[in-house]
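Undergrad: Following this message is one structure expressed as structure tokens.
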Amino acid sequence: MSIYRVSTNMANDNGMNFVMKKEDSMNKVHQSISTGKKYVMPRDNPVDVTQAMTFHSKIFKIDQLERNINDLGAERNLVENKIGSTIEILQRVRELSVQGSNGIYTAEDRKAMSVEVDQLMKNIIVDANSKYKGNYLFSGFQKFTKPFEVLEGAVRGADTAMITEVRYLGDNGKQLREIDFNEYAASTPPGSDLFWAENFQIYSKVNTADFRLENDMSVMIDNQKISFNEGDNAYAIVDKINRSPAAVNASIDIVTGGMIIKSTTPHKVELADIEGGNLLQNLGILAQGRPIGPDNFSQDADVFGGSIFDTMIGLRDAMLQNNAEDIGGRFLGAIDESITNLTNNMAKTGALQNRLDYLTQRLGDDKMSYTKTLSSLEDVNMADALTELATLDFAHKASLSSLAKITKSSLMDFLR
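Under the working numbering, the first residue of the sequence shown is numbered 19, with each subsequent residue one higher.
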């Protein structure tokens, strides 16, 4: 005959354990309803939670990209306005140049034109020194430095002080913003690009026939690092410069043997010896002891290709000197080149706007898709959750009722 132990503790414990499980399930469902989220803790569903974190990260990144695009777009609009204003002013300068080259005008007429050219130049300088959010637009990386410094003084033939020089104090850098995943763009060209009239040219007087590098060296041209090796001669150096991304072309003068560096687009070329080297200094391109810095060109080298302001100063002075030939010749040509350069930059800003519009639409679509997927991973279905809560509540009450009946029994009931 089998013997069984009779005890109320086992029934009580089993009943309480079942009730506590129901209460725990009800608590989880209640918390899901309260928070609107399927899972209270990551351990509830590690796979879905991990995927949700990934989509949260993507949406956060898109939000940042959208802010960058909006900021870049606002800056682009300002740049476009400044370019348009400058083109309009230069069109008037061109009209004056055409008029000044006409023989029907007198010296006094040209002097009056020179005064207007000087005033128009001041208007362009105001645009060139514009700011966006407290930073200078056209100074490259030197955003706290006013890009163009103006010097005034006596000018031959003028009755009052006029602009004698306009110096560019910025650099060739472009401020980039991330507009897509690992893709960057700049809305603002540096002043050394935008406000330049002619291609830069520098002619060294140093004969390179016997030149050969004694050790490895590197240079920087327009923010592009170019490295050279021990034993490279002048032609090897020219070849490496021309194969670099820098917008310049190097060659050797067949008469003097000196090195020539020319820009392929109108801009002020930035040249530097870096990492302790002196290659460009030894080639007679840069001044000895000045490996870096603005206007660090050798005084013995011939430098050509100036800014819009250099052209306007030259045009104004030609008007003051009643030189109709120069007015309608090289200065009119330089004004045309300036307008062409500005127009090309205007086209680039327009193309950038098209790209920003496309990215805004695409990122918005991606964000909507990610948000929908994230909702399916995280958000609770309220109808299902309320139904589940009601079911659990019914089961919980039934468990409590059953447990109450069981716990009324005792050992004495079995001994009757």
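Glycine included, C-beta positions come from ideal geometry on N, C-alpha and C.
Just so we're clear, the structure is a prediction, and the values are computed from it rather than from any experiment.
Which residue marks the beginning of the beta strand (DSSP E) containing N267, and which one marks its end?
TA: Counting from 1 along the sequence shown, the entry for residue 267 is found at position 249. Here the beta strand (DSSP E) through N267 covers V266 to I270.
Undergrad: Select from I122, V133 and Y150 the residue whose C-alpha is nearest the C-alpha of G91.
TA: The sequence position of residue 91 within the sequence shown is 73, counting from 1. The candidate whose alpha carbon is nearest that of G91 is Y150.
Undergrad: Where are the beta strand (DSSP E) runs, 3 residues long or more, that stay fully inside the region 174-253, in chain order?
TA: The qualifying runs are 180-186, 195-198, 201-203, 219-221, 235-239 and 242-246.
Undergrad: Relative to the C-alpha of V256, which candidate in V273, F229 and N241 has its C-alpha closest?
TA: Residue numbering aside, residue 256 sits at position 238 when the sequence shown is read from its first letter. Of the listed residues, the one whose Cα sits closest to V256 is F229.
Undergrad: Considering only residues of the same chain and omitting the five flanking positions on each side of D136, which have a CB-CB separation below 7 Å?
TA: The residue labelled residue 136 in the question sits at position 118 within the sequence shown. The residues are M180, I181 and R334.
Undergrad: How is V287 classed by DSSP in three states: helix, strand or coil?
TA: Your numbering for residue 287 matches position 269 in the sequence shown. Coil at V287, not helix or strand.
Undergrad: Do the CB positions of P165 and G191 come within less than 8 Å of each other?
TA: Indexing the sequence shown from 1 puts residue 165 at position 147. Indexing the sequence shown from 1 puts residue 191 at position 173. Going by C-beta atoms, P165 is not nearer than 8 Å to G191.
Undergrad: When the distance is taken between beta carbons, is A290 closer than 8 Å to I303?
TA: The sequence position of residue 303 within the sequence shown is 285, counting from 1. The sequence position of residue 290 within the sequence shown is 272, counting from 1. Contact flag unset, no.
Undergrad: Can you say whether M71 is buried or exposed, counting buried as having 16 or more other CB atoms within 10 angstroms of its CB?
TA: As a working note, residue 71 is residue 53 in the sequence shown. Exposed is the call here.
Undergrad: Does chain C have any CB closer than 8 Å to the CB of M238?
TA: In the structure shown, chain C cannot be found, because there is only a single protein chain.
Undergrad: Run through the DSSP bridge pairs and tell me what N153 is partnered with.
TA: In the sequence shown, residue 153 corresponds to position 135, counting from 1. Answer is Y150, bridged to N153.
Undergrad: Would you tell me roughly how many angstroms separate the C-alpha atoms of I206 and Q117, rounded to the nearest one?
TA: Counting from one through the sequence shown, the residue named residue 206 turns up at place 188. Counting from one through the sequence shown, the residue named residue 117 turns up at place 99. This sequence places Thr at residue 206; Ile is not what is there. Using only the alpha carbons, I get a separation of about 34 Å.
Undergrad: Please classify N372: does DSSP put it in a helix, a strand, or coil?
TA: On the sequence shown, position 354 is the one that residue 372 refers to. Three-state DSSP puts N372 in a helix.
Undergrad: Would you kindly work out how many angstroms separate the C-alpha atoms of K385 and I80, rounded to a whole number?
TA: Taking the first residue of the sequence shown as 1, we reach residue 385 at position 367. Taking the first residue of the sequence shown as 1, we reach residue 80 at position 62. If you take the alpha carbons of K385 and I80, they lie about 7 Å apart.
Undergrad: State the start and end residues of the unbroken beta strand (DSSP E) segment that holds F327.
TA: Position 309 of the sequence shown holds residue 327. Premise fails: F327 lies in the alpha helix (DSSP H), I326 to L338, not in any beta strand (DSSP E).
Undergrad: Does the region 358-368 come close enough to the region 101-109 that 3 or more CB-CB pairs lie under 8 Å?
TA: Taking 8 Å as the limit for Cβ pairs, the verdict is that the region 358-368 does touch the region 101-109.
Undergrad: Spatial neighbours of A172 within its chain, please: C-beta separation below 7 Å, excluding the five flanking residues on both sides.
TA: For the purposes of this step, residue 172 is taken as the residue at position 154 of the sequence shown. Same-chain partners within the cutoff: A179.
Undergrad: Let me know the secondary structure DSSP gives L301 once reduced to three states.
TA: The sequence position of residue 301 within the sequence shown is 283, counting from 1. Coil, per DSSP.
Undergrad: So, with DSSP's three-state summary, where would you put F349?
TA: The residue you call residue 349 lines up with position 331 of the sequence shown. Reduced to three states, the DSSP call for F349 is helix.
Undergrad: Using the Cα positions of I270 and N251, report the straight-line distance between them to the nearest angstrom.
TA: Here residue 270 refers to the residue found at position 252 when the sequence shown is read from its first residue. Here residue 251 refers to the residue found at position 233 when the sequence shown is read from its first residue. Roughly 11 Å between the two C-alpha positions.
Undergrad: Specify the secondary structure class of E170 as computed by DSSP and reduced to three states.
TA: Counted from its first residue, the sequence shown places residue 170 at position 152. In this structure, E170 counts as strand in the three-state DSSP scheme.
Undergrad: Say whether the region 273-292 touches the region 218-233, bearing in mind that this needs 3 or more beta-carbon pairs closer than 8 Å, one atom from each stretch.
TA: Yes, they touch.
Undergrad: Indicate the three-state DSSP secondary structure (helix, strand or coil) for V97 in the structure shown.
TA: The count along the sequence shown starts at 1 and reaches residue 97 at position 79. In this structure, V97 counts as helix in the three-state DSSP scheme.
Undergrad: In angstroms, rounded to a whole number, what distance separates the CA positions of D145 and L138?
TA: Here residue 145 corresponds to residue number 127 of the sequence shown, with the count starting at 1. Here residue 138 corresponds to residue number 120 of the sequence shown, with the count starting at 1. Taking the straight line joining both Cα atoms gives about 11 Å.
Undergrad: Tell me where the beta strand (DSSP E) around F322 begins and ends.
TA: The residue given as residue 322 occupies position 304 in the sequence shown. Unbroken beta strand (DSSP E) run through F322: D320 to F322.
Undergrad: With 16 as the cutoff for other CB atoms within 10 Å, does Q109 come out buried or exposed?
TA: Along the sequence shown, read from residue 1 onward, the residue named residue 109 stands at position 91. By the neighbour-count rule (16 or more Cβ atoms within 10 Å), Q109 is not buried but exposed.
Undergrad: Taking C-beta to C-beta, are K129 and L338 nearer than 8 Å?
TA: If you number the sequence shown from 1, residue 129 lands on position 111. If you number the sequence shown from 1, residue 338 lands on position 320. Going by C-beta atoms, K129 is nearer than 8 Å to L338.
Undergrad: Using 10 angstroms around the beta-carbon of I310, count the other beta-carbons present and answer buried if the total reaches 16, otherwise exposed.
TA: Mapped onto the sequence shown, residue 310 falls at position 292. I310 is exposed by the Cβ-count criterion.
Undergrad: Rounded to whole angstroms, how far is the Cβ of S115 from the Cβ of A215, which I believe are closer than 8 Å?
TA: Start at 1 with the first residue of the sequence shown, and residue 115 comes out as number 97. Start at 1 with the first residue of the sequence shown, and residue 215 comes out as number 197. That pair is no contact at about 13 Å.
Undergrad: May I ask you to report which of helix, strand or coil DSSP gives F162?
TA: Translated into positions along the sequence shown, residue 162 becomes position 144. The answer is coil: DSSP assigns F162 none of H, G, I, E or B.
Undergrad: Look at the alpha carbon of L350 and the alpha carbon of V111, and state the distance between them as a whole number of angstroms.
TA: Here residue 350 corresponds to residue number 332 of the sequence shown, with the count starting at 1. Here residue 111 corresponds to residue number 93 of the sequence shown, with the count starting at 1. In a straight line, the C-alpha of L350 is about 9 Å away from that of V111.
Undergrad: May I ask which residues mark the beginning and end of the beta strand (DSSP E) holding S281?
TA: For the purposes of this step, residue 281 is taken as residue 263 along the sequence shown, with counting starting at 1. Where S281 is concerned, the enclosing beta strand (DSSP E) stretches over M277 to S281.
Undergrad: In the structure shown, what three-state DSSP assignment does I292 receive?
TA: Taking the first residue of the sequence shown as position 1, residue 292 is located at position 274. Of the three classes helix, strand and coil, the one that applies to I292 here is strand, per DSSP.
Undergrad: Since I believe E288 is in contact with D328 (beta carbons under 8 Å), could you give me their beta-carbon distance rounded to a whole number of angstroms?
TA: Here residue 328 refers to the residue found at position 310 when the sequence shown is read from its first residue. Here residue 288 refers to the residue found at position 270 when the sequence shown is read from its first residue. About 17 Å separates the two Cβ atoms, so there is no contact after all.
Undergrad: I need the straight-line Cα distance from T469 to T391, nearest angstrom please.
TA: Shown here, the chain extends from 19 to 434; a query on residue 469 therefore has no answer.
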